Amino acid sequence: MHYLANPARFVSLADRLLPWLAAATALAFLVGLPYALLFSPPDYQQGETVRIMYIHVPSAYLATMGYLGLGIASAVWLIWRHPLADLAAVALAPVGALFTGLTLVTGAVWGKPTWGTWWVWDARLTSMLVLFFLYLGYMALREAIEDPDKAGKAAAILSLVGLINLPIIKFSVDWWNTLHQPASLLRRDGPAMDPSMLTPLLIMLGAFSLYFVTVILWRIKAAVAAKRVDGLRRARAHAAQRARTAA
Amino acid sequence: MGARVFAATLGQDVRLALAQAGGTLMPLMFFLVVLALFPLGLGSDSALLTRVAPAVAWVAALLAALLALDRLFGADFEDGTLDQLVTAGAPVALVALAKTLAHWLVTALPLVVASPIAGILFQLDGDAIARLALSLALGTPALSAIGTLGAALTVMVRRGGVLVPILVLPLLVPVLIFGVGAAAGGAQAMQAFYFVGALSMGALVVGPVATAAALRLAVA
């Protein structure tokens, strides 16, 4: 970890990894998308609409993992002051929020033909909605505080409390859901998935995860570059001012 | 040292709130006005009102409690008192706990005491009124603790008023769910009461520690 504390070293490592990651992402989608959307069998109950699952489930997985990553990056930033951790948190938040949004939208699109309505206060959808609000709060706080260093630390404190709270939210929403909907529309245990659907789902999970890692590395790299540009610009402004006062 | 700072902070906040009548009365008035709006919007069907009463009272209490957070640290931050409190040498978490307790005494306790009025407005029976008041009494410490954290995180923000509810409300979802569950009664009400109490206990531990970190950041 200390090895990567030097941003230049991180950038050179990312530069070496990124082409491979991008290629692996493209390959996984090239295999996964046709497999999931064309060649996997339709569900005997839901028909073709079950294919939404191949987008919905990986999105939901990354939405949760994104917040976990945000919390871990925040802890690393607060405890060890690792410079990359804050940049990682900045990179993670909008991507995680995007996947949470995608989960909600695909959930609604899936809900319309399956449940007959766009929105059901299903336990999982409700948890995702609260997670979406947590992401929005994180980004809003970061945006509102002017000093970037303080903004990062304040947002990190918030995301850590959010991370502690996340399982409690999940538990409370499940409790609330069983209270209000004894006969849930989705079966709690769910039928064991046939390999003909499980395989494309796993491939899509891999493809989405590769995409996620690639984009995050890319965004951290961009943030390092932006910081350097900012530093150079400041240095130049200082130099110009010094020249003016000397003259 | 710690105890003296704790007592001084708590005493000052409570005295200030009592000196300006608005301090305690305004959230209470807000609570009652919001409660009165619901029958006007929903109609006077007493069965419906009785059914929604726990949820409406809890949401109104949640919003009323957040309303008072805006100035929790604002004046102390502007006049430098906050710097003194943080650098005084006492554990900052104790200062945060004092602020939380002050907010609870000044804002939340009046709501708990006034909640039977909500029960009467929504035609609840005696048991339901008692459940509502007890669930609020058990749950509001969590609102105060997490709300104090929200206020501390936004103290540096010039116009942090709207930001606090955005940060705090998603974190308070479990308190709302179990609070309403406890107030609504039924087979699982007892379970919900335990959870509300547990959440308040947890929030009173995590809240002041996180608030202390946020306060140190604000005056740094």
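Sequences listed follow chains H and Z, in order. Going by UniProt numbering, the first residue of the first sequence is number 1, and it counts up by one from there. Going by UniProt numbering, the first residue of the second sequence is number 1, and it counts up by one from there. Cβ atoms here follow ideal geometry from the backbone N, Cα and C, with glycine treated the same way. These figures come from a predicted structure and were not determined experimentally.
Look at the beta carbons and you see the region 142-160 of chain Z touching the region 59-75 of chain Z: at least three pairs across the two are nearer than 8 Å. As DSSP reads the structure, residue 47 (chain H) sits in a beta bridge with H:43.
Cβ proximity to chain Z below 8 Å picks out 160, 161, 162, 164, 165, 168, 169, 171, 172, 173, 175, 176, 179 from the region 160-179 of chain H.
DSSP places residue 143 (chain H) within a helical segment (H, G or I) once states are collapsed to three. Beyond the five residues adjoining it in sequence on each side, residue 133 (chain Z) comes within less than 7 Å, by CB distance, of 112, 115, 116 in the same chain, given in chain order. Taking a C-beta distance under 7 Å as the contact criterion, residue 207 (chain H) and residue 174 (chain H) do not qualify as a contact pair. Under the 10 Å beta carbon count, residue 121 (chain H) is surrounded by fewer than 16 other beta carbons and is classified as exposed. Shown here, residue 82 (chain H) sits in coil according to DSSP, grouped into three states, outside any helix or strand. At a Cβ-Cβ threshold of 7 Å, residue 82 (chain H) and residue 90 (chain H) do not count as neighbours. Nearest neighbour of residue 174 (chain Z) by Cα position, chosen from Z:199, Z:158, Z:10, turns out to be Z:199.
Counting of Cβ neighbours within 10 angstroms places residue 246 (chain H) among the exposed residues, the total staying below 16.
Proximity of residue 10 (chain H) to chain Z, defined by a Cβ-Cβ separation below 7 Å, is not satisfied. Close CB contacts of residue 206 (chain Z) within its chain, under the 8 Å cut and outside five residues either way in sequence, are with 145 (chain order). Residue burial annotation: residue 112 (chain H) is exposed, with fewer than 16 other C-beta atoms found within 10 angstroms of its C-beta. Counting only the Cα atoms, residue 166 (chain Z) lies some 19 Å from residue 172 (chain H). Around the C-beta of residue 47 (chain Z), fewer than 16 other C-beta atoms lie within 10 Å, and the residue is accordingly described as exposed.
A residue is called buried when at least 16 other Cβ atoms come within 10 angstroms of its Cβ; residue 38 (chain Z) meets this threshold and is buried. Contact between residue 215 (chain Z) and residue 101 (chain Z) is absent: CB atoms are separated by about 15 Å, not below the 8 Å threshold.
The alpha-carbon separation between residue 50 (chain H) and residue 196 (chain Z) amounts to approximately 39 Å.
In this structure, residue 63 (chain H) places its C-beta atom within 7 Å of the C-beta atom of residue 100 (chain H). Cβ atoms of residue 31 (chain Z) and residue 61 (chain Z) come within 8 Å of each other, at about 6 Å. Counting C-beta pairs with one atom in each stretch, the region 203-218 of chain H and the region 55-73 of chain H have three or more that are closer than 8 Å, which means they touch. Counting only residues of its own chain and dropping the five nearest sequence neighbours on each side, residue 40 (chain H) has a CB closer than 7 Å to the CB of 196, 197, 200.
Take residue 136 (chain H), set aside five residues on each side of it, and the residues of its chain with a beta-carbon closer than 8 Å to its own are 97, in chain order. Of the residues assessed, residue 170 (chain Z) falls on the buried side of the cut-off, its CB having 16 or more other CB atoms within 10 angstroms.
Among the CB atoms of chain H, none fall inside 7 Å of the CB of residue 86 (chain Z).
Between residue 219 (chain Z) and residue 127 (chain Z), the beta carbon gap of about 48 Å keeps them out of contact (Cβ cut-off 8 Å). Per DSSP, residue 73 (chain Z) is not a residue of any alpha helix (DSSP H), being assigned neither H nor E. Interface annotation, residue 157 (chain H): in contact with chain Z, CB-CB separation under 7 Å. C-alpha of residue 129 (chain H) to C-alpha of residue 177 (chain Z): approximately 15 Å in a straight line. In terms of Cβ geometry, residue 180 (chain Z) and residue 77 (chain Z) do not form a close pair [threshold 7 Å]. Judged by beta-carbon spacing, residue 105 (chain Z) lies beyond the 7 Å limit of residue 164 (chain Z), meaning their Cβ atoms are not closer than that value.
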